[in-house]
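Everything in the sequence shown is counted per my numbering, starting at 183 for the first residue and increasing by one.
For reference, the structure discussed in these notes is given below.
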Amino acid sequence: MKHTRLFTTLSGLTLTVGLLAFAACQTTDSTVLPTTTTTGTTSTTATTSIGTGVPDVYKKIYGATEIYVEGTNIVIKTKGRPDHKSPYYKGTQWESSLYEVYNGTNAKFGVNPNTISEFSLTFKIPMSPQVDASHSATPLGSTGVSLNGVAFFNQYAAMNSPLTIEINGFDQYGGHPQQQGQYHYHVEPTYLTAQKGKDALLGFLLDGFPVYGPIESGKTITNTDLDKYHGHTSKTADYPNGIYHYHVTAEDPYISGSGFYGKAGTVTQ
Ligand SMILES: [Zn+2]
Ligand SMILES: [Zn+2]
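Right, here's the structure in full:
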């Protein structure tokens, strides 16, 4: 009887060791799998996964979680949350590292009641943008994506009213969150222009045309330099053969004008 019991115990132990070895093997296999899946991709930052065939200009969108080609579109996934500080991080899980009291120059500044949240935004925009004669109106909500993954919004507040009042809620970096907590820029994203330059590429509108800062060839661009869609065609650093592009200006409508210049792609969240 004693021998039998000892044998049973040993068998049990052997079985347990065997299961542990099997489990360890499974763990190894499941870590190998994603590595295999991402073969053929490169990454410019630790957090952006970039698919094969993505043109270099889109790799400037450093705040994206994922960028890849899908047919004739480029797909850009972001969390829509700024990498810079903001008074609107107060009371959020990111407060300790990203909250900053308002230190801008607008004497009328007052925070709105909203705070910053994270989203899963998917922008699908044409890689070869084309002019579209209908120049469809820009929607309320996301109209484009900036380099840090934050959305551009158009020149209107709710009900297509001007930003006259809303503008006093823009933080020191030119953005604010709407009711659901989606942070966005209606005007120059000053953190990006400080980091990248006043003449730098700042992002893309949904129609695929690029958005540049308020300076070009050393000259400050004003609305009179642009058409009614708030852009013009010329060579840029990123497009040496020339392309239609939007400019951020200091006056309304700031980023985009009376509709998209091209046929707009989509954004989902
Ligand atoms: Zn807004
Ligand atoms: Zn220009």
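Just so it is clear, CB atoms sit at the ideal spot from N, CA and C, and this is done for glycine as well.
Source: prediction; values computed, not measured.
- In the DSSP annotation of this structure, the continuous segment of the alpha helix (DSSP H) that includes glutamate 277 starts and ends at 277-280.
- In the DSSP assignment, tyrosine 373 falls within the alpha helix (DSSP H) that extends over 372-378.
- Apart from the 5 residues on each side of it in sequence, serine 299 sits with its Cβ closer than 6 Å to the Cβ of Gly363 in its chain, given in chain order.
- The closest heavy atom of ligand 2 lies less than 8 Å from the beta carbon of threonine 418.
- Only buried fits glutamate 370, as 16 or more other CB atoms lie within 10 angstroms of its CB.
- Cβ-Cβ distances below 8 Å link proline 344 to Gln337, Tyr338, Asp434 in the same chain, with the five nearest sequence neighbours on each side left out; the list follows chain order.
- In terms of CA proximity to histidine 427, Asp389 leads the group Thr402, Asp389, Gly447.
- Apart from the 5 residues on each side of it in sequence, glutamate 282 sits with its Cβ closer than 6 Å to the Cβ of Lys267 in its chain, given in chain order.
- When secondary structure is reduced to three states using DSSP, isoleucine 347 falls in the coil class, being assigned neither helix nor strand.
- Between the beta-carbon of valine 257 and that of threonine 304 there is about 6 Å, and that keeps the pair under the 8 Å contact cut.
- For the pair leucine 384 and leucine 329, the CB atoms are nearer than the 9 Å cut-off.
- Scanning the segment 291-328 from its first residue to its last, no whole alpha helix (DSSP H) run of 4-plus residues comes out.
- A Cβ closer than 7 Å to some heavy atom of ligand 1 marks a residue here, and those residues are Phe335, Ala339, Glu348, His358, Gln360, His366, His368.
- Here the C-alpha atom of lysine 410 lies approximately 20 Å from the C-alpha atom of glycine 447.
- With a beta-carbon spacing of about 5 Å, valine 239 and aspartate 420 fall inside the 8 Å limit used to define contacts.
- Shortest gap from the CB of tyrosine 421 to any heavy atom of ligand 2: 8 Å or more.
- A straight line joining the alpha-carbon of isoleucine 249 with that of phenylalanine 391 spans about 17 Å.
- The beta-carbon separation of glycine 413 and glycine 395, rounded to 13 Å, does not stay under the 8 Å limit for a contact.
- Rounded to the nearest angstrom, the Cβ distance from valine 332 to glycine 357 is 6 Å, consistent with a contact under 8 Å.
- Excluding five sequence positions before and after asparagine 285, the CB atoms of its chain that fall closer than 7 Å to its own CB belong to Gln354, given in chain order.
- Between ligand 2 and tyrosine 411, a heavy atom-to-CB distance of less than 8 Å is absent.
- Alanine 246 carries a strand assignment under DSSP once its states are collapsed to helix, strand and coil.
- Looking from the CA of phenylalanine 291, the closest CA among Glu348, Phe334, Ala246 belongs to Glu348.
- Relative to serine 416, the option among Glu398, Gly233, Asn255, Ala432 whose CA is nearest is Glu398.
- As a beta-bridge residue in DSSP terms, serine 416 pairs with Ile425.
- Annotation: glycine 326 to threonine 274 spans about 25 Å, alpha carbon to alpha carbon.
- Nearest neighbour of glutamine 361 by Cα position, chosen from Gln377, Ala376, Ala340, turns out to be Ala340.
- If you look at histidine 368, you'll find it isn't in any beta strand (DSSP E); DSSP assigns it neither H nor E.
- Secondary structure of threonine 406 (DSSP, three-state): helix.
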